[in-house]
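Sequences listed follow chains G and S, in order.
The number in my numbering is simply the position in the first sequence, starting from 1, with 9 added.
The number in my numbering is simply the position in the second sequence, starting from 1, with 207 added.
Backbone N, C-alpha and C fix where the C-beta goes; we use that ideal spot for every residue, glycine too.
A short worksheet on the structure shown next.
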Amino acid sequence: MPPADSLTTVPLLPDVFQRWFAQRGWTPRPHQLALLEHAKARRSTLLIAPTGAGKTLAGFLPTLVELDEQRHAGAPRKTRGQGTDRAMPPRSSLVSTGRNVARSGGLHTLYISPLKALAVDIARNLETPVAEMGLPIRIETRTGDTPASKRQRQRRDPPDILLTTPEQLALLLATADGPFLFSSLRRVVLDELHSLVTSKRGDLLALDLARLFRLAPQLTTVGLSATVADPAELCRYLVPQPPAGAAQADLVVAEGGAAPVVTMLDTAEHLPWAGHSARHALTEIYALIKLHKTTLVFVNTRMQAEMIFQELWRINDDGLAIALHHGSLDVEQRRKVENAMAAGRLRAVVCTSSLDLGVDWGDVDLVINVGAPKGSSRLLQRIGRANHRMDEPSRGVLVPANRFEVLECTAAIAAVAQNAQDTPPLRTGALDVLAQHVLGCACGEPFLAEELYAEVRQAAPYTSLTRADFDSVVDFVATGGYALKVYERFAKIKQTKDGRWRITHPLVAQRYRMNVGTIVEADMLKVRLVRSRASKHGYAGPIARGGKLLGQVEEYFIETLTPGDTFVFSGEILRYEAIVEDEVYVSRAADEDPKIPSYEGGKFPLSTYLADRVRHLLAEPSAWRVLPDQVREWLDIQKWRSLIPAAGDLLVETFPRADKSYLVCYPFEGRLAHQTLGMLLTRRLERARLRPLGFVANEYALAVWGLGDPALAIRRGELSLAELFDQDMLGDDLEAWLAESALMKRTFRNCAIIAGLIERRYPGEEKSRRQMTISTDLVYDVLRKHQPDHVLLRAAREDAATGLLDIRRLGAMLSRIRGRIIHKELDRVSPLAVPVLLEIGAEMVYGEASDVLLAEAEADLVKEAMG
Amino acid sequence: MRAAIEVAGVPLEADCAGALYWPEEELLAVSDLHFEKGSSYAARGMLLPPYDTAATLAALSGVIAQYDPRTVVTLGDSFHDNDGPSRLSASDRASLGQLQRGRDWIWIAGNHDSEMARMAREIGGVFAHTLSIGPLTFRHIPEGAEGEIAGHLHPSARISWRGRSIVRRCFAADAGRMVMPAFGAYTGGLSIRDRAFAAVFGTRDFMAHMLGGRRLYAFSAAHCL
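Here it is as structure tokens:
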């Protein structure tokens, strides 16, 4: 820490600030002063700082200082609720209309955060120093929860600093008030930037930033971020990109705190072979909670959170305050838990990634990660939440749920020790997001295609957007982008004589505003508590009026339940009664054993980086010393019975078991890519007449079983593994599968909603997804057949490359293992295959040729009927 | 492939494309074509791909070629709204004409295209509210009467097997009556567990013949979710 009388602070910080720091006993940190310097030099800056480093103050200090200086310079200021100084024209004449009208009275600083709760909390925190220093600065928030009257007033009479979300920014830019509000903008602060840029929300925000830079040429940006693999990418995101080459914001890296201390739980219990429940370690987890003040217990899925929460309470003999937090819980309930945490009233919170982002929560002194952390960056960020005193190391404990996860955790610990980051590379901007943005622009003010194209390309994710693609998107927004030109009279935007595109009807703008946003929720149903009714017929008709809302649950899960089945949710055991529109009615069922849900797996597959480390760890028997005995033993037996693959090879084992033949391969590319591989391999095996029946995939392996014997076919020269695993499976086989794939259809649906083809909200009514009278699956089928290169299909394919289907990763794997397939013919199951085979029953079966399933189900019923 | 289903003692064939064939009468029935649903939505601001009519006509052409019926009956809601015919493209209009050539074509009026009497003049064929032949009566909205073949409800069935849920359009039928699946490319489905079906079949159990890729799969309605 620099000495308080350092000469460098004198020119930067005005007196009132220096006094305020002194009163608190604080010294401004180097990175906070660095940001001030950069702001004075009119440079956009990226700040990389760990939690607890005073990031927020760093972000806002330049703004507070500027506003204070402006006051002294006699510039007009915004007083609360009243008019401004005599020097300004009276407020009543400040009518916001049109372009090229420079009005003073707009915003000075915009703060964007991914979470509305974060925006609200930061505003509160900011009020304190502002009030204490007596600065006459107006600070307000604007989120989905802000009442309409306040939002209207904000457009007419904006504050100095507005804290808001990306969606609200998009909405503001889609009104005629955009120029008025933003032409005076000096700064945009982007918080948790590392998390914003990885999704479509980041694409939309980048486009809106480009618009802001056009409206306010004097604008500079400040990005606040956790550590990432490639900071240069974020530096590019923050500033407009030139047509050729790249531009970057400056980079300031805060000095790191003490390195985190991460260990793996060396359990005394028997380590399971498969499964993700970590039940075996619960007593040990409870013991850790008792030893610390407040512990965060992270898990990968909501269902795991529910289960662990239940189990911990079962053994909670000391009555410790243990809470539950995940994204499907009701907002009220989540806020209660968050407030209790901040007040230090909780000993532990079992949570999912729902708590990854958030304000400094003080006294968390231990982070337990149950199950394998899927990436080293994600793990580093989580551990960073424990103990926010910079000079003390954060503490983390990894609890692997099964033997393979031990390998993942070991690799993760090594990665943490090297501070290795594995954040994904910056996305290419999505076309469906661009479509939403183009319509928003038209709602704000009419645009010229050339100008908008040039502006869009200044956004980092869209620098390589071709003019042809841009025009396709505009065509889509106007009349749907169809080769068959029959919708001219229904156009949403039209070009007028001056060449500008403008909206054809105010309703278009109204509908846009009701539907803006890129977060498309997975098909979720609201969960509502009712009194139990023994329902024999299960008709989805009127039912006793429901009571309290408990949260939301995935639709796919409810679809597998029969009325009467029970499941765990929100910490209790509930009985499924019926689905009514977009709600599922449940009743309490305290005495029963809940049905075990089929495991969908975590949201994120194992990162490429960690997967690579695990392969190397596995391939190096001398490195197994660090592993627990149970795991080492497992690998020793694998070495003896079969073999341990070299890091760059693909091991394929074949063996018979119970009348069926198995083919197991170990790509280590994550569950999603393996599932896609499974779909494609089974098609090929079917063609090779090996009669595959099913497959199951986990993070590191894929097992296919069937009636035909692949080993025999290989011996006879009828089957070639090289051909089976050839990259050409990503050609016709992939195409054919994509036509029926439920995952692909879901991906398409998301694009259709984001792009505005399907609107979920109409003025005057809320059309829930279930009420929508057109299913996007039908649109997908028709569009594929009649216009396969339609812009939405292309957007969906792009998503599929990295999203639920992870096709790009699969392609990279197939390329990597060319010529490096090792086949091991065995006479029984190998130790390495045991975990993936244990997943059978919990995972999908052969393809999505659900006709096969229908046939089985029908035959089963016939058999049952015939006795 | 088709399934043999008897209604009111009459042997019929249900096709996995969603059409119904009466061999003795050489009559082919389809229901709820909803032509021009895409453009209907477009007029209201949702610019759905305008290819649904062509897609439905292609499917219809397929079953007509397969069965070569003497008579084609469409069980109502053939157009998504009463102005549908005016929005038909020239090529779709021509395709429709081709299909009508050399056979009788009967449009039964539905609730979406109630003005079928007038529309039939534009698009060929004849119109009827109901059509009775022998023991069978074809109408749009089912009443549950004996011998009835109806549409309107867009039946769809869901079963759960091996932890997965499968939904398909289906023929809903018992010994005395049948509700046909919707044939149109953009038509959705209503679950057969909905009380609208109880109104048709009463408390009797009925069968759901689910449409598969190459054949139909029969389940008792009580087994469906």
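Asked                                                                                                                                : Found
Interface flag, E867 (chain G) vs chain S, CB-CB below 7 Å                                                                           : yes
Neighbourhood of L423 (chain S) by C-beta distance below 7 Å, restricted to the same chain and skipping five residues each side      : A210, A221, C223, H416 and M417
Inter-stretch contact at 8 Å, needing at least 3 Cβ pairs: the segment 332 to 346 of chain G / the segment 277 to 297 of chain G     : no
Boundaries (first-last residue) of the beta strand (DSSP E) holding I212 (chain S)                                                   : R209 to V214
Inter-residue Cα distance where the pair is H334 (chain G) and V308 (chain G)                                                        : 11 Å
Positions along the segment 401 to 420 of chain S whose CB lies within less than 8 Å of some CB in chain A                           : Considering every chain present, this structure includes no chain A. Its protein chains are G and S.
Where K494 (chain G) sits in the DSSP three-state scheme                                                                             : coil
Continuous beta strand (DSSP E) assignments of at least 3 residues falling wholly in the segment 219 to 284 of chain G               : 229 to 234, 259 to 262 and 270 to 273
C452 (chain G) - DSSP class collapsed to helix/strand/coil                                                                           : helix
Under 7 Å from the C-beta of I348 (chain S): neighbouring residues of chain G                                                        : Within chain G, no residue comes near I348 (chain S); the closest Cβ sits about 18 Å away, beyond 7 Å.
Where G610 (chain G) falls, given that 16 or more other Cβ within 10 Å makes a residue buried                                        : Note that G610 (chain G) scores a pLDDT of 46, beneath 50, so its modelled location is shaky and nothing firm can be said.
Inter-residue CB distance, I826 (chain G) and L659 (chain G) (contact presumed, cutoff 8 Å)                                          : 4 Å
Interfacial residues, the segment 366 to 382 of chain S to chain G, with Cβ spacing under 9 Å                                        : I366, S367, W368, R369, G370, R371, S372, I373, V374 and R375
Strand pairing of T150 (chain G), partner residues [DSSP]                                                                            : G:L172
Which of helix, strand or coil DSSP assigns to V7 (chain G)                                                                          : This structure leaves residue 7 (chain G) out entirely; chain G is present only between 10 and 876.
7 Å Cβ cutoff, D860 (chain G) in contact with chain S                                                                                : yes
Chain-order list of residues whose beta-carbon lies under 6 Å from that of S101 (chain G) (same chain, five-residue window excluded) : Only weak support is given to the placement of S101 (chain G): the predicted model assigns it a pLDDT of 37, under 50, and the value that follows is read from those uncertain coordinates. Cβ neighbours of S101 (chain G) beyond the five flanking positions: none.
Proximity winner among S:R384, S:F390, S:A428 and S:A215, relative to R402 (chain S) (alpha-carbon distances)                        : S:A428
Rounded distance between the beta-carbons of T65 (chain G) and I131 (chain G), thought under 8 Å                                     : 6 Å
CB-CB length for G441 (chain S) against D311 (chain S), believed under 8 Å                                                           : Because chain S here runs from 208 to 432, residue 441 (chain S) falls outside it and cannot be looked at.
Burial state of H361 (chain S), where buried means 16 or more other Cβ atoms lie within 10 Å                                         : buried
L305 (chain G) beta carbon less than 7 Å from that of Y393 (chain S)                                                                 : no
Buried/exposed call for E264 (chain G), threshold 16 Cβ in 10 Å                                                                      : exposed
7 Å Cβ cutoff, V495 (chain G) in contact with chain S                                                                                : yes
Span separating the alpha-carbon of T229 (chain G) from that of A314 (chain G)                                                       : 42 Å
Pick from S:E232, S:R251 and S:T281 that is closest to G225 (chain S), judged by C-alpha positions                                   : S:T281
Neighbourhood of V25 (chain G) by C-beta distance below 8 Å, restricted to the same chain and skipping five residues each side       : D77, M142, G143 and L144
Chain G contacts from the segment 308 to 342 of chain S (Cβ-Cβ distance under 8 Å)                                                   : none
Those runs of the alpha helix (DSSP H) which lie wholly inside the segment 556 to 599 of chain G and span at least 4 residues        : 564 to 568
Residues that D259 (chain S) contacts on chain G, provided the C-beta gap is smaller than 7 Å                                        : V791
Any C-beta of chain G under 7 Å from that of L254 (chain S)                                                                          : yes
Length at least 4, wholly inside the segment 658 to 727 of chain G: the alpha helix (DSSP H) runs in chain order                     : 680 to 696 and 719 to 724
C-beta atoms of T173 (chain G) and R151 (chain G) nearer than 7 Å                                                                    : yes
Neighbour flag for F499 (chain G) against chain S, beta carbons, 7 Å                                                                 : yes
Best match in G:E563, G:A48, G:D737 and G:L70 for proximity to T310 (chain G) [C-alpha to C-alpha]                                   : G:E563
Cutoff 7 Å: S286 (chain G) Cβ touching any chain S Cβ                                                                                : no
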